[in-house]
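To convert, note that position 216 of the sequence shown is 1233 in our numbering; the numbers rise steadily by one, no gaps. Yeah, the Cβ is synthetic: ideal placement off N, Cα and C, and Gly gets one too. Quick notes on the structure that follows.
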Amino acid sequence: MLNRQRRRKMKKKMGQVLSVLLLPLTLGFVVTSVSAYAEDQMDPSIQEEVQKETLVVKPKVSITPQQHTSLAQPNVIQQPPTYVEASPLSLSKAELMRKKRQEAEIATEQKIVEKLEESRLEDERRRAERLFGNKNLTVSEDDQNKEEKAEKEEKPQTPQVVVVSPVPQPSVAPAPEKDLSANVKEDLKNIVEENKEKKNQTYVSPSVGMAEYLDCPCFDVKGNLAAGIVVGREFPSNFALEGQFIYSNYYVGQDYFAYKEMNQYNFGLAAKYLLKFKRVEFNVGGIATYTYRRYTNPYGTGVYYYGYPDDEKTYALDFGVTAGIDFNISDRIAVGFDYRYMMNITNRSNLDYRYYYGGLYSDYRLEASDYQVMSLVAKFRF
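Here it is in structure tokens:
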């Protein structure tokens, strides 16, 4: 009996437990069925409102800038490769020469522009003189502007209404560009020629002429020929330095002198100042020479001078002045006339005296005499 009661109690408890467990399932099924039925019977507009109200709002997540930059994909920018090289602290010789060349080009261009503006200003002055007469009476635009400003400041003007009828403006035809370009080219050509003339120039000048002794009381000396060559250098300051060689030949007409012919060789240095014009050049300067003389007798010394040497040599230092004029045939060639006047400073001979017939003796020497050389010259510039 007891077992039956227990079994009943157990069955009763199990039934309660099952009812408790099945109750939520039954309620869920009923609610689902009711909601499905209600949705089927509900108005569509009401369904939309219900769906909006039943939407689940997603939580907002805040991201810091550091996280954003780490999450964002970085932009990749491709750049060309860069090579870094060490540069010397001091400029190289080539860079210094390039810098000097650029400075010289800039200076030359500035000079060209200055020359152009100067020539144009001179042309405007000449044109104003032709149009208005005496240029001293013309007033510059700056002076006119100053006078007009002064008058305006002294006399204040009252505002006035001026009615101006439109006047047709005459059309001015533009000046032809060819003429302007031709003038500019001509000016540039003249400026380039002037700059060429200012550069250092080397020249060679052969000469031919005659020489003459001026003060020789004991000798009757006659000049036959004088020829020479000059190598010189002209500088932009109109100054020239020359190296000279002159050969001259003389006949000695003294009856009692043992030697009848003299050959003279002058080796000299000259400094000249040049006065240049367009086609004519004048020069004046000083010259110093080492003079070597050789006396000979083409017929021999003869019986009167038996035992005497066949020739006699003398050495001297001479100083003189020189002057000349050159006519320019072209930029490279010139012809002209040259004059030298020479005076002796000192001299010596390999013999202590001069020989005369009958034992006559004279202490006077030809080397102490003044002489002059006149030559026709040609000049070739390089």
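Name the one or two DSSP bridge partners that glutamate 1401 has. The question about residue 1401 has no answer here: the residues shown for the chain are numbered 1018 through 1399.
Just the C-alpha distance for phenylalanine 1336 and threonine 1306, rounded to the nearest angstrom, thanks. 6 Å
Helix, strand or coil for aspartate 1387, going by three-state DSSP, please let me know. coil
C-alpha distance - glutamine 1281 paired with methionine 1114, whole-angstrom precision: 49 Å
Would you mind sorting serine 1265 into buried or exposed? The rule is 16 or more other CB atoms within 10 Å of its CB. buried
Where serine 1109 sits in the DSSP three-state scheme: coil
Residue burial classification, threonine 1219 (beta-carbon count within 10 angstroms, cutoff 16): exposed
Considering only DSSP beta bridges, list what leucine 1286 is partnered with. Gly1260 and Ala1305
Are the C-beta of leucine 1291 and some C-beta of chain C separated by less than 7 Å? No chain C appears in this structure, which consists of one protein chain only.
Around the Cβ of leucine 1148, are there at least 16 other Cβ atoms within 10 angstroms (buried) or fewer (exposed)? exposed
Check whether tyrosine 1388 and alanine 1228 have beta carbons under 7 Å apart: yes
Here's a check: name, in chain order, each residue in its chain whose Cβ is nearer than 8 Å to the Cβ of asparagine 1217, leaving out the five neighbours to either side. Arg1250, Glu1251, Phe1252 and Pro1253
Roughly how many angstroms separate the alpha carbons of glutamine 1396 and phenylalanine 1344, rounded to a whole number? Before going on, a small fix: residue 1396 reads as lysine here, not glutamine. Straight-line Cα distance between these residues: approximately 9 Å.
If contacts are defined as beta-carbon pairs under 8 Å, then asparagine 1314 and alanine 1275 qualify, I think. What distance do you get, rounded to the angstrom? 7 Å
With burial defined as no fewer than 16 other Cβ atoms inside 10 Å of the residue's Cβ, what is the status of glycine 1285: buried or exposed? buried
Going by DSSP, which residues form a beta bridge with tyrosine 1267? Gly1240 and Met1279
Looking at the ligand MG, does it come within less than 6 Å of tyrosine 1358, judged from the CB to the closest heavy atom? Of ligands this structure carries none, so the ligand MG is not represented either.
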